[in-house]
Amino acid sequence: MMEVKNVPEAAERIKKAIDKKERIILYGDADLDGVCSVLILKEALKNMGGEIAAVYFPNREEEGYGITKTALEALGKFAPALFIAMDLGISNFEEIDLANQKGFEVILIDHHQILGSLPSAFLIVDPKQEGEQYPFTSFAACGLTLRVAEHVLGKAMTNSLRKSLVELATLGTIADMMPREQDNQALIEEGLSYLPQSWRPGLQALFQFEPFSQALSLEEKIARVISLLNVRDIQYGLPAAFRLLVVSSLQDAEALLERLWEISKVRHGNIRAFVEEVERNIAARRDDLIIFEGTTELEYVLLGGAASVLANRYKKPVFLYRERGAESLGSVRAPLGYDTVKAMTYCSQFLSTYGGHAQASGFRLKTEHIDQFRSCLIKFFSTHEKS
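Residue numbering for the sequence shown follows the working numbering, beginning at 5 and increasing consecutively.
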């Protein structure tokens with residue numbers, strides 16, 4: 005049976021680690037796709053008796069995106085170990101070299117665009133890599149992780165466990181706005197039939213949450229569930245979505261939900277205020293090819309939401325950044341037809357790191373390079389036609 009490149013090999017390496025009682029580190033992006041990916045593999049490993057030494061989500065506000073040097077320093081005490089990175093890592097060349105030096109064996113499960121070459125990981129599962137023969141390539145990371153988990157579990161996969169894992173993969177796939185076709189469509193149709201009856205107290209609380217009671221359809225309710233799960237609230241190094249999806253009591257889930265609801269109202273207000281500020285700034289420059297604006301105040305994790313609003317409203321690529329002294333972190337959104345990763349590759353001499361999808365990506369650079377980066381982007385978009 006045809007499978008995504010390196011999925012069976014990744015599963016075999018994980019099974020070997022389980023059998024030999026090797027330490028395993030689960031490392032994922034803190035968005036819902038990354039959180040669901042980590043949970044899928046965590047639950048599969050738990051059922052197989054795997055030794056999970058650590059679960060780690062980088063704090064984008066403090067560390068930036070991807071596999072970070074800060075994280076590797078913190079996790080170094082667990083080496084040697086099998087280091088499984090999900091929903092990130094494909095652009096972390098230096099960091100994966102450092103992980104190798106520390107004694108980690110790295111498996112990447114990612115779905116972001118390849119930046120020319122591949123990092124030096126032991127195994128890479130990414131349908132966008134050269135040599136991929138599987139006919140469908142638009143998976144979320146959690147969809148790929150589910151496939152790995154199915155191979156790891158084999159005959160140990162029970163019906164109830166499968167439902168649990170499919171629920172997670174469905175949430176992450178919808179949240180990451182992957183195309184609803186072929187493999188994704190089959191996954192989502194199956195998962196939507198399970199989610200309202202989930203055993204998870206966190207999901208039970210979400211589906212019963214009073215502010216969502218007027219949702220007209222299951223799809224609308226799922227969208228509202230995802231909007232709350234995507235609220236960035238890190239405690240003890242764990243994002244809110246992770247904490248809510250593993251919470252063991254309905255009472256604790258409801259308390260966490262109320263907290264997230266209040267946070268979300270404040271943050272939506274902050275995003276609206278920043279969008280209005282950007283609109284005032286660009287009022288005299290409506291013919292510019294891109295929107296390129298910065299802030300020293302708005303949280304980095306909210307830039308993506310603001311960029312999405314602006315990209316939808318003005319139908320052009322939006323590059324927003326948060327200045328943090330000598331370094332700035334940026335979030336990018338664009339309408340269909342634009343490739344922001346290609347644009348940043350063209351301007352990569354000004355960037356420390358970058359990556360993502362054509363219409364949703366991010367970057368990090370030295371603040372002193374911001375003006376040069378902006379000029380380079382304008383040059384790129386003035387000479388490259390929208391596809």
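Even glycine gets a Cβ: it sits at the ideal position worked out from N, Cα and C.
If D343 sits next to A362, beta carbons under 8 Å apart, how far is it from one beta carbon to the other, in whole angstroms? 4 Å
Would V129 and V11 be called neighbours here (beta carbons separated by less than 8 Å)? For V129 and V11, yes; Cβs fall inside 8 Å.
N- and C-terminal bounds of the beta strand (DSSP E) containing E331: E331 to R337
For A48, which residues from the same chain have a beta carbon less than 6 Å from its beta carbon, with the 5 sequence-adjacent residues on both sides left out? Sequence-distant Cβ neighbours of A48 in its own chain, meaning closer than 6 Å and more than five residues away, are A153, V156 and L157.
Do K20 and L30 have their beta-carbon atoms positioned less than 8 Å apart in this structure? no
Which residues does DSSP pair with S365 in a beta bridge? V336 and G360
Unbroken beta strand (DSSP E) runs of length 3 or more, entirely within the segment 41-89: which are they? Within the segment 41-89, the runs of beta strand (DSSP E) that reach at least 3 residues and sit entirely inside it are, in chain order, 55-60.
Rounded to whole angstroms, what's the CA-CA distance from N274 to V305? Just pull it up for me. 12 Å
Excluding sequence positions up to five away, which residues of its chain have a Cβ less than 6 Å from the Cβ of T299? R326
Does DSSP put Q208 in a helix, a strand or coil? helix
From K390 to E66, what distance separates their C-alpha atoms? Here the alpha carbon of K390 sits roughly 34 Å from the alpha carbon of E66.
Give me the Cα-Cα distance between A245 and L191, rounded to the nearest whole angstrom. So the alpha carbons of these two residues sit roughly 21 Å apart.
In three-state terms, what does DSSP make of L30? Note: L30 maps to strand in three-state DSSP.
CA-to-CA distance, E99 to F87, given in whole angstroms: Their backbone Cα atoms lie some 12 Å apart in a straight line.
Separation of I94 from K106, as counted between CA atoms: 19 Å
Given a cut-off of 8 Å, decide if V235 and I267 are closer than it, judged by their beta-carbon atoms. Contact: yes.
From the DSSP output, read off the bridge partner residues of Y325. G298 and G334
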